[in-house]
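In my numbering, the protein residues as written are 60 to 454.
Structure representation (structure tokens):
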């Protein structure tokens, strides 16, 4: 089951796991304090202060680092396992906590208590995830889903074969729309049902919780009466693109239609959202400007020393198209030489020395490219001569 939180679909077991781990992280501080300093809680509080602010800071830091490392998202193919990411998240959380303890010494934790809390929290997180995986694998708590529509759209389910892809639902089967053929379906995995008595009766018979409508042309084949019967029978009816967004967190652009954008729950542009978005942009830009200001000053000095004294400026303005087609000017560091467009410079060096790193690896100079090509052609010519000589010897 998924819930909509802050405008985003979130898997309810994942939210429950995050809350359970946050509670475990906080309790691990109490356990570490007890193991390290004893069971006399009143004496510990009198000597070191209250424990709950430290437990709250530790729990928030660990939870944020777990979230940042993607431990509350479905595992992606080719990425590191959750165990490695949990260790990395703990290391990052240790660095964050060290910074907080330096800034707020009144809530700091001792080294022994901190290491003990980290060890206990990792063990608790592993245990919580093992229990969550066992409970999540139970078929009885998953929603039973039936898909109605064309085989072209239903074939998308064939790309969702991992257990994590179908963690929140159980695909019971599919019902083809009139006139459609199961050419694009997998006969070994996709079970196709017939509905001679209607979709409502079939949903009641199969104990369906959700009916997903996956039609390419709803104007001609949408069974309004049968879908209404399903709703009256207590079965939720969803569009295919809404279902895929909820389960995968992505929007299928090839299936997008204007009506979904108009009647969807997203794309809200009220004043509060616009203000908070703009405020976040200003805050993030200001912080980034402060952090990178030393590097920017050095870049300005390097450009001026090499080419700026000849009359060229340090900055370069470029027109860009912004929101609602409005033109704005983007100010950048000038990376090209003043004579970059002159004919003699087109075959030579066109960038300034500070401008070369913006491409990652600078391209080789023209004479080096010519030498490499000549060397490559010479090796190829030698191979051809050796092959010709070997052929003459065989004769």
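Here a beta-carbon is modelled for each residue, glycine too, at the ideal position from N, C-alpha and C.
Any 3 or more C-beta pairs closer than 8 Å across the region 166 to 176 and the region 252 to 263: no
Alpha-carbon to alpha-carbon, residue 318 and residue 263: 29 Å
Counted within 10 angstroms of its Cβ, other Cβ atoms place residue 374 as buried (16 or more) or exposed: exposed
Contact between the region 174 to 192 and the region 69 to 83 (3+ Cβ pairs under 8 Å): Flag = yes, the region 174 to 192 and the region 69 to 83 touch.
Cβ pair residue 296, residue 305 closer than 8 Å: no
Reduced DSSP secondary structure (H/G/I, E/B, other) of residue 132: coil
8 Å Cβ shell around residue 179 - same chain, five flanking residues per side excluded: Here the set comprises 87, 90 and 91.
Extent of the continuous alpha helix (DSSP H) to which residue 208 belongs: Note, residue 208: premise wrong, no alpha helix (DSSP H); beta strand (DSSP E) at 202 to 208.
Length of the line joining the Cα atoms of residue 123 and residue 149: 11 Å
Per-residue DSSP class, three states only, for residue 310: coil
Residue from 300, 294, 307 and 329 with nearest C-alpha to residue 316: 300
Anticipated Cβ contact below 8 Å, residue 117 with residue 176, distance rounded: 6 Å
Reference residue 181, options 163, 251 and 153, closest by Cα: 153
Segments assigned alpha helix (DSSP H), at least 4 residues, entirely inside the region 317 to 384: 317 to 322 and 330 to 365
Distance CB(residue 229)-CB(residue 250) smaller than 8 Å: No, they are not a contact pair.
Euclidean distance between Cα positions of residue 98 and residue 347: 46 Å
Whole-angstrom distance between residue 231 and residue 284, CA atom to CA atom: 22 Å
Distance, residue 128 Cα to residue 233 Cα: Separation of residue 233 and residue 128 (C-alpha to C-alpha, rounded to the nearest whole angstrom) is 36 Å.
Span separating the alpha-carbon of residue 273 from that of residue 204: If I take the Cα positions, the gap works out to 12 Å.
Endpoints, beta strand (DSSP E) assigned at residue 298: 295 to 298
Same chain only: Cβ atoms within 6 Å of residue 359, ignoring 5 sequence neighbours per side: 373
Residue 273 - DSSP class collapsed to helix/strand/coil: strand
Three-state secondary structure assigned by DSSP to residue 76: helix
Exposure of residue 383, with buried meaning 16 or more beta-carbon neighbours within 10 Å: exposed
Proximity of residue 131 and residue 77 at Cβ, strictly below 8 Å: yes
DSSP state of residue 267 mapped onto helix, strand, coil: coil
Endpoints, the alpha helix (DSSP H) within which residue 291 is located: 283 to 291
Between the CA atoms of residue 121 and residue 159 - distance to the nearest angstrom: Straight-line measurement puts the Cα of residue 121 at about 13 Å from the Cα of residue 159.
Residue span of the alpha helix (DSSP H) that contains residue 143, given as start and end: 141 to 162
Other residues of its chain near residue 112: CB distance less than 8 Å, five sequence neighbours each side excluded: 166
Host alpha helix (DSSP H) of residue 169 (start-end): Premise fails: residue 169 is in no alpha helix (DSSP H) and is neither H nor E.
Sheet register partners of residue 388 (DSSP bridge): Looking at the DSSP assignment, residue 388 forms a beta bridge with 378.
C-alpha gap between residue 206 and residue 194, whole angstroms: Going from the Cα of residue 206 to the Cα of residue 194 covers about 25 Å.
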